[in-house]
Amino acid sequence: MSTGAQYVVAAYGVVLFALLVYVVAVGMRTARLAREAELLARLVERAAGEDEEAPVRTPEPADASSASRT
Amino acid sequence: MSSTTDARPARRLAVTGALTAALTALAVYGVFFVAPEDADQGIIQKIFYFHVAIAIASLVAFGVACIAGIAYLRTRQVRFDEVSSASVAIGLGMSVLVVITGSIWAKASWGTWWVWTDPRLVTFLIVLLLYAAYFVLRSSAEGERRYRYAAIYSVAAFASVPLSFYSVRVARSFVHPVVFTQSGANMPNSMLIWFVVSQVAVLGIFLTVLQLELLQRRADSALRRVKARLEAAA
Amino acid sequence: MVLFAILAMLIFQFAFGSRLGDLTPFAGGILWATLALTAVLGVGRSWVPEREQRVLDGILTAPVPRLVLLVSKAGAIYAYLLAVEIVAVPLLTLFFVRGQAPVDVALVAVVCLLANVGIAILGSLLACLALFARARELLLPVLFLPSMLPVVIAAAGATHAVLGGTNDLAEYRGYCLFLAVYAVIFGLVAYATYDHVFDD
């Protein structure tokens, strides 16, 4: 490969690298969202479990209303 | 805003993404296998197809950020701030790529990694600093003030972009009266068409990434809202 | 502030002058590098009295349109810059310029008058954005200087055209025109956005 072509490849390679770095960043953000969603699911299930003992107020209305809002 | 309980944003993203992927593949094919090689610069000229496309796309991104900033100031709806900050982030990333690919071109053409004689390269360095300051500003303020100040700055910074470009170019034109055309003012159609294809492809990349960013931010904020409710109720 | 400008010019002399001897070609650049840094200091200080004495709340509740606040702040910065320039420009010609005519200094004065407008408007707007930040002294230069670069480029270019030995009036006019355009554009930006700065 001539040196000119090497520079062209380098330039396009940098762009490709940047896109891949972004993919990784998205992946990490998705992982964090998944962790939080999992945590929230567990919280809701635990609260539903406690609800059987003390049915005063439950988090379900809050959960449903925010789900319907989104 | 009921945009995440229905599938429209995801579908839009899929369509934009698929089109962009196809266009990008087409552009790469066209640039390397169809477009003629430049008589003066040889194969190095091929850097320009994406270098210029990314430059213009980043300016579009900053323009979108400016318009979204104005929209926020008028309506105070946070979704406009989301669009504005995501666009600045993408524009900033693209500006970094412009500077890097421009530097590679400089090395290929002139033998040095940096030249002060290319107005586009120098302007994008200024633009980089301008919009890096945007994030410094955002982190310095909280709550509603953050959105408001960021919106104001997104307008002021966008006004600075053409001013910076022209000041650099005017300064250059006095020192070197010869007009500097790296990409050629009269481009044959066989090259021009692939410039256009590359440009549309990169604009598509901007739109795809923007939609992806917005989706993630909305997911994040929805989860945060649920969390707040659960913690309040518990 | 004048003291700061003099010190800055001395720094340039010692950074370059010992090696180069005649700094005339750099006189324009030295002047505007000095003024840019002095402007950052001055803009940062322009809101200090209001903030420290809590006068700001009083001013904001007064039935005065925000635009008046902008214009008055910009005017204050303009006057401050002018005061520094009255000392700095003669000193600059004394220290750095060989073989200048008095007319040249008048031309440089015009550059100052024009450039100050853009700097004052920009400073007035951006200082407000940095007003409530904790790291105010760090934030303001970061916000202010990138937007100021076109002014520095044009003003230094115009000053150099006059003082740097070439005396190119076409160049001078070009740069001055740019400074005027800059002031107009940022005037419009500030006019459009200023109402929103103090919305709390």
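Protein chains in written order, with the working numbering: chain A, 395 to 464; chain G, 13 to 246; chain F, 2 to 201.
The C-beta atom is built at its ideal place from N, Cα and C for all residues, glycine as well.
A quick note: this is a predicted structure, and the numbers were derived from the prediction, not measured.
Since residue i is in the alpha helix (DSSP H), which residue starts that stretch and which ends it?
{"i": "R20 (chain G)", "result": "20-41"}
{"i": "H63 (chain G)", "result": "59-87"}
{"i": "V111 (chain F)", "result": "103-131"}
{"i": "Q211 (chain G)", "result": "201-245"}
{"i": "W122 (chain G)", "result": "90-122"}
{"i": "A181 (chain F)", "result": "170-194"}
{"i": "V198 (chain F)", "result": "Careful: V198 (chain F) lies outside any alpha helix (DSSP H) and carries neither H nor E."}
{"i": "F411 (chain A)", "result": "397-445"}
{"i": "G224 (chain F)", "result": "It is not possible to answer for residue 224 (chain F), since the shown part of chain F is limited to 2 through 201."}
{"i": "L153 (chain G)", "result": "Note that residue 153 (chain G) is Ala in the sequence shown here, rather than Leu. Run containing A153 (chain G): none; DSSP gives neither H nor E here."}
{"i": "M10 (chain F)", "result": "3-13"}
Check each candidate in the options and name the one with the smallest Cα separation from residue i.
{"i": "R237 (chain G)", "options": "A:F411, A:V409, A:A431, A:D445", "result": "A:A431"}
{"i": "V1 (chain F)", "options": "F:Y183, F:Y195, F:M10, F:F199", "result": "For residue 1 (chain F) there is no data in the structure shown, the boundaries of chain F being 2 and 201."}
{"i": "I12 (chain F)", "options": "F:L68, F:V41, F:F96", "result": "F:F96"}
{"i": "V207 (chain F)", "options": "G:Y165, G:Y159, G:E156", "result": "Outside the shown range of chain F (2 to 201) lies residue 207 (chain F), about which nothing can therefore be said."}
{"i": "R158 (chain G)", "options": "F:A184, F:L130, F:L146", "result": "F:L130"}
{"i": "H197 (chain F)", "options": "G:E154, G:G216, G:R23, G:L85", "result": "G:L85"}
{"i": "C113 (chain F)", "options": "F:Y192, F:L36, F:I7, F:L24", "result": "F:L36"}
{"i": "A69 (chain G)", "options": "G:G42, G:R150, G:G105, G:A244", "result": "G:G105"}
{"i": "A162 (chain G)", "options": "G:G81, G:V127, G:F170, G:L242", "result": "G:G81"}
{"i": "V111 (chain G)", "options": "G:D50, G:V182, G:H63", "result": "G:H63"}
{"i": "A425 (chain A)", "options": "G:L149, G:G29, G:F147, G:Q228", "result": "G:Q228"}
{"i": "E138 (chain F)", "options": "F:F5, F:G43, F:I31", "result": "F:G43"}
{"i": "L135 (chain F)", "options": "G:A144, G:Y143, G:R150", "result": "Looking at the sequence shown, residue 135 (chain F) is not Leu but Arg. Ranking the options by Cα distance to R135 (chain F), first place goes to G:R150."}
{"i": "R230 (chain G)", "options": "G:R160, G:A98, G:A144", "result": "G:A98"}
{"i": "A210 (chain G)", "options": "G:R24, G:R23, G:A33, G:Y146", "result": "At residue 210 (chain G) the sequence reads Ser, which differs from the Ala that was named. The shortest Cα separation from S210 (chain G) among G:R24, G:R23, G:A33, G:Y146 belongs to G:A33."}
{"i": "F187 (chain F)", "options": "F:L21, F:L126, F:A77, F:Q14", "result": "F:L126"}
Against residue i, what residues of chain B qualify as contacts under a CB-to-CB distance less than 9 angstroms, listed in chain order?
{"i": "E432 (chain A)", "result": "Among the protein chains of the structure shown, namely A, G and F, there is no chain B."}
Buried or exposed for residue i, going by 16 or more other Cβ atoms inside 10 Å?
{"i": "D130 (chain G)", "result": "buried"}
{"i": "V190 (chain G)", "result": "Any reading at V190 (chain G) must be qualified, since the residue scores a pLDDT of 39, below 50, and its modelled position is unreliable; the value itself is stated next. So V190 (chain G) ends up on the exposed side."}
{"i": "L189 (chain F)", "result": "exposed"}
{"i": "T87 (chain G)", "result": "exposed"}
{"i": "A120 (chain G)", "result": "buried"}
{"i": "F192 (chain G)", "result": "Residue placement at F192 (chain G) cannot be trusted, given a pLDDT of 42 that sits under 50; what the coordinates show is reported in the next sentence. Exposed."}
{"i": "I56 (chain G)", "result": "buried"}
{"i": "E86 (chain F)", "result": "buried"}
{"i": "F93 (chain G)", "result": "Reading the sequence as shown, one finds Asp at residue 93 (chain G) and not Phe. Buried."}
{"i": "W117 (chain G)", "result": "buried"}
{"i": "S132 (chain G)", "result": "Residue 132 (chain G) is actually Arg in this sequence, not Ser. Buried, because 16 or more other Cβ atoms sit within 10 Å of the Cβ of R132 (chain G)."}
{"i": "I59 (chain G)", "result": "buried"}
{"i": "E446 (chain A)", "result": "exposed"}
{"i": "R99 (chain F)", "result": "exposed"}
{"i": "Y41 (chain G)", "result": "exposed"}
{"i": "F45 (chain G)", "result": "exposed"}
{"i": "S115 (chain G)", "result": "buried"}
{"i": "Q194 (chain G)", "result": "Per-residue confidence for Q194 (chain G) stands at a pLDDT of 49, beneath the threshold of 50, marking its modelled position as unreliable; the derived number appears in the next sentence. It is buried - the Cβ of Q194 (chain G) has at least 16 other Cβ atoms within 10 Å."}
{"i": "M149 (chain F)", "result": "buried"}
{"i": "P147 (chain F)", "result": "buried"}
{"i": "R174 (chain F)", "result": "exposed"}
{"i": "Q223 (chain G)", "result": "buried"}
{"i": "V415 (chain A)", "result": "exposed"}
{"i": "R160 (chain G)", "result": "buried"}
{"i": "T194 (chain F)", "result": "buried"}
{"i": "M422 (chain A)", "result": "exposed"}
{"i": "L93 (chain F)", "result": "buried"}
{"i": "A51 (chain G)", "result": "exposed"}
{"i": "E225 (chain G)", "result": "buried"}
{"i": "G216 (chain G)", "result": "buried"}
{"i": "V173 (chain G)", "result": "buried"}
{"i": "N201 (chain G)", "result": "exposed"}
Can you look up residue i in the DSSP assignment and give me helix, strand or coil?
{"i": "V191 (chain G)", "result": "With a pLDDT of 40 at V191 (chain G), under the threshold of 50, the predicted position of this residue should be treated as unreliable, though the coordinate-derived value follows. Residue state, collapsed to three classes: coil."}
{"i": "G100 (chain F)", "result": "coil"}
{"i": "D52 (chain G)", "result": "coil"}
{"i": "A47 (chain G)", "result": "coil"}
{"i": "R135 (chain F)", "result": "coil"}
{"i": "A63 (chain F)", "result": "coil"}
{"i": "S459 (chain A)", "result": "Summary for S459 (chain A): the model assigns pLDDT 47, below 50, so the residue's position carries little reliability; its value from the coordinates is reported in the next sentence. Looking at S459 (chain A) - three-state DSSP - the assignment turns out to be helix."}
{"i": "M204 (chain F)", "result": "Absent from the model: residue 204 (chain F). The displayed extent of chain F is 2 to 201, so no value can be given."}
{"i": "T135 (chain G)", "result": "helix"}
{"i": "V85 (chain F)", "result": "helix"}
{"i": "T94 (chain F)", "result": "helix"}
{"i": "G158 (chain F)", "result": "helix"}
{"i": "V127 (chain G)", "result": "coil"}
{"i": "L70 (chain F)", "result": "helix"}
Heavy atom of the ligand SAH less than 8 angstroms from the Cβ of residue i, yes or no?
{"i": "L227 (chain G)", "result": "Among the components of this structure there are no ligands whatsoever, and the ligand SAH is therefore not found."}
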